[in-house]
Structure formats: C-alpha cells, structure tokens
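Working notes, structure below.
Chains as they are written, first to last, in the numbering used here: chain H, 170 to 366; chain P, 170 to 366.
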C-alpha cells in the first residue's frame, strides 16, 4: 500500500450526488445480485434494468463477465484476485451512484466479507443485496456456459459451489428463488420493493 | 495475464448505450483534461461540469485525487502504477459513457501512450483531449498543494515537470491556456465547442 495519502487532496466539486440524482428524478440505488453461477443473476438483472429503463429510470448494469474483459482484465481467479475483482466493482458502483444512477451489479460474490465490504461503501438504505437463489443441482443442470462440466472434469479450479464455497447471505434485503419463480416474476417482486422504497 | 478468456462470455444486455443516452437527451462524451499539476485542470473541469449541469446535461467528473482514494487506492507512483492508474480510469470513463453520461476526466496523464490507450476505448468523436496549458514556472508559482516545493526538496520522486516528463499533446481537440485566460473564459470556449459538436 503506497504511502501517498499525505499528497492527496479531496477535490471538492460543485455538482454533487444530490444534484445529479435530482436531475434524473430518482433516488440512487445499488442492487447487488449475488448467487451461484447459473442461478440467473444476469438474466434477472438484465430484465430488471429493462423494466426500470421503461419507467424512465437511469440505470447501469455491471456484469461480472463484461467487467473482466475491461477494467479487471488483469485479474485471474486466485482468492486475492477475486477479492480485488469485487473491490474494484464495488468502487465503480459507488462512483456510479455518486453520478446519480441506479446501478445493478451482477457478480457471484460468494463471500460475506466481500459483500460487507461493498455494502460499506454506500449510504444507509442505498445498497440492496439481492440473493438469487437456486439449488446447486439445478444450476449445474442449467450450466449455460458449460462451466460446471469443466469444473467437474477438473479443468476449472476454485469454482464456486464445486471446490470453492458459496456463503449464503444472512440478511439480504431481497431474496428470489429462480427455481420456483420465473425471471419475470422475480423481476416484478424486486420492482415492487424498489418502488415502495 | 490470466488465461481465463475461454471461460468468459460477453453478456448481451437489452438496454444499451443509445437507449441510455437518449433517455438523457444527450450525446455521450469523454472530456479528457491533461496538463501539469497546478495548470488548472480540476478547477476548469469542475466549472465546466457546473455549466453543463445547469443546461440539464448528465455528467460525472473523475478526478485524479479522488479516484486515488477509492478505486486506485492500491496504486503508488511507480511508472507501472501510473500506467495502471490511467488504464483503470479510462475503463471507468468508458463504462460511464456507456451509461449515457458526459464524463470529465481530470488527470495529469503525462504520457502520449497512455492518452492514446484511453482514446482507443471510445468511439470516434466521443473522446476529446483537452490540453490545459500553463508554463511550468507558472504552475510552480501557484503550487496549490505545495507539491512542487516538495519535489524540489527531493521529498517527492518522479514528479511531472520536475524529474518526470510531461509529453505535450500533439493534436488535442481542445487547448486552453490558463495563464492567458481565466477559468471562466476557458470553460466558455470548451462549452461552445461541445455544443457545436
């Protein structure tokens, strides 16, 4: 960690978060989708963004796969790299809420500690943890990217649910079960919760 | 560089950049302010954001000092870290234009290669390099953060303009001289150029 803080100054800016979100006519939010690969996080986040956009909300979706091809292209899948992956995404999500947006973040983010770290960057009530739940067997059956098959064959190491833990959220603001409900139904539940807030 | 690309899939999303910027009634832009420390980049970017905000534009300002306290807090000032600093900021700016925003980036970004790398992430016409010019002697006289004095005393290494080069932009889209013009005048020139585009 560089000892550079003494030469850093927080640049105070005239246009702040309130001004930016007021212009957009909305309250800023970070919707953090966590769950196993194949649980339906991205499908759900995408559907939800579409619905929010239709109602005139200003949104952005940060997706694990997409971010790893740009900002986080230097990171692999060691534990340290996975933590750094989440740290950076959380920081970008914070910048985007600061910009007045409703940000949807779709990352496996298997560890409680890293989700807590992400939450800590936001104001109270701004961060909503959405647990996208589906049994491992069901996720493995879906296996939309063929990753579970690879992990079972030993071609992928540290794969969440197989040889790396997924720590179930203890107090998520929202929980949807994509085995019991369709993506559309899950999206509806979340929309209602957001509009109520 | 991790060999993970084979397990990455670009998640196609329904709400795209056009939809996001249309909702905001604006064309996306990245205004990249480059220049010596003390040249007036942040003052100018801040003033410009204020003016843009007043005209209903949806903006965000990424500022060197602020980003180094969050997203890039793990980076120091070695050459490799400075390149990584700019790479990440450019990626975040790209995500923000993808979100439909007009992004103002205020970083010394002394090297042509890194500004070229940043530019390459954007669509043609979307990236405007703004050279905030002021003579070194004038920047050193202003020295708003006392950094030149420290660098001269040898307490800061690799300080741009003192013992690290600043490569003057060869073909910036915009150039303002903060010794000859006030910040307000410079902002006006840039506003006119943007509204004309």
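Glycine residues also receive a C-beta, built at the ideal position from the N, C-alpha and C atoms.
By how many angstroms is the C-alpha of residue j removed from the C-alpha of residue i?
i: residue 236(P); j: residue 343(P); result: 24 Å
i: residue 328(P); j: residue 277(P); result: 11 Å
i: residue 216(H); j: residue 352(H); result: 8 Å
i: residue 295(P); j: residue 273(P); result: 12 Å
i: residue 191(H); j: residue 286(P); result: 34 Å
i: residue 204(H); j: residue 214(H); result: 12 Å
i: residue 270(H); j: residue 321(P); result: 43 Å
i: residue 324(H); j: residue 312(H); result: 15 Å
i: residue 308(H); j: residue 341(H); result: 20 Å
i: residue 299(H); j: residue 345(H); result: 8 Å
i: residue 197(H); j: residue 266(H); result: 6 Å
i: residue 194(P); j: residue 219(H); result: 18 Å
i: residue 172(H); j: residue 238(P); result: Note that residue 172(H) scores a pLDDT of 39, beneath 50, so its modelled location is shaky; the value from the coordinates is reported in the next line. Near 12 Å, if we compare the C-alpha coordinates of residue 238(P) and residue 172(H).
i: residue 225(H); j: residue 288(H); result: 26 Å
i: residue 234(P); j: residue 245(H); result: 27 Å
i: residue 221(H); j: residue 354(H); result: 15 Å
i: residue 206(P); j: residue 333(H); result: 46 Å
i: residue 305(P); j: residue 254(P); result: 23 Å
i: residue 310(H); j: residue 356(H); result: 22 Å
i: residue 263(H); j: residue 331(P); result: 35 Å
i: residue 281(P); j: residue 365(P); result: 27 Å
i: residue 336(H); j: residue 336(P); result: 49 Å
i: residue 223(H); j: residue 223(P); result: 26 Å
i: residue 232(H); j: residue 326(P); result: 38 Å
As a quick exercise: from the options, pick the residue whose alpha carbon is nearest that of residue i.
i: residue 199(H); options: 325(H), 335(H), 292(H); result: 292(H)
i: residue 183(H); options: 205(P), 207(P), 230(P), 193(P); result: 230(P)
i: residue 243(H); options: 332(P), 249(P), 239(P), 306(P); result: 249(P)
i: residue 227(H); options: 188(P), 355(P), 298(P), 223(P); result: 188(P)
i: residue 202(P); options: 212(P), 196(P), 306(P), 193(P); result: 212(P)
i: residue 208(H); options: 279(H), 365(H), 284(H); result: 279(H)
i: residue 339(P); options: 245(P), 238(P), 256(P), 297(P); result: 297(P)
i: residue 349(P); options: 281(P), 303(P), 234(P), 245(P); result: 303(P)
Which residue marks the beginning of the alpha helix (DSSP H) containing residue i, and which one marks its end?
i: residue 221(P); result: 210-223
i: residue 264(P); result: 248-267
i: residue 307(H); result: 305-311
i: residue 297(H); result: Per DSSP, residue 297(H) belongs to no alpha helix (DSSP H); it is in the beta strand (DSSP E), 296-302.
i: residue 316(P); result: 316-321
i: residue 187(H); result: 186-193
i: residue 361(P); result: 352-365
i: residue 283(H); result: 281-288
Over what stretch of residues does the beta strand (DSSP E) that includes residue i continue unbroken?
i: residue 199(P); result: 198-203
i: residue 273(P); result: 271-275
i: residue 229(P); result: 228-232
i: residue 343(P); result: 343-346
If we call anything under 8 Å between Cβ atoms a contact, is residue i one with residue j?
i: residue 290(H); j: residue 259(H); result: yes
i: residue 347(H); j: residue 301(H); result: yes
i: residue 252(H); j: residue 261(P); result: no
i: residue 275(P); j: residue 210(P); result: yes
i: residue 240(P); j: residue 284(H); result: no
Checklist entry - Touch check for the region 307-318 of chain H and the region 356-364 of chain H: three-plus C-beta pairs under 8 Å? => result At 8 Å Cβ cutoff, the stretches do not touch.
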